[in-house]
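Residue numbers (the numbering used here): 105 to 197. The beta carbon of each residue, even a glycine, is placed where N, CA and C say it ideally should be. This one's a predicted model, so the numbers in the text were calculated from it and none came from an experiment.
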């Protein structure tokens, strides 16, 4: 007697059921909507710093805006980005 092998076809169902109906969970993303919003604000601050640096009227940007104020704004934008990445909402009690 030879054993008959059955190959599954597209018509047959090969789903396994465990008998438990678990509620669907949303995927656990690294960032929330608030994090992305804060990161966009940080990018805006960084771009503002570069615009301020380009507004300097001194030759080659060696004035106050190009050497002092613009870079300070850019660095503050990067600090804001750091904050936006690590920001977590406090759980409501």
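Contact between residue 157 and residue 146 fails: their C-beta atoms lie close to 17 Å from each other, not under 8 Å. Within its own chain, the residues whose Cβ lies closer than 7 Å to the Cβ of residue 149, once the five positions on either side in sequence are excluded, are 177, 180, 181, 184, listed in chain order. Residue range 174-190 is occupied by the alpha helix (DSSP H) that includes residue 185. Collapsing the DSSP output to three states places residue 139 in a helix. One Cα belongs to residue 141, the other to residue 154, and the distance between them is close to 20 Å.
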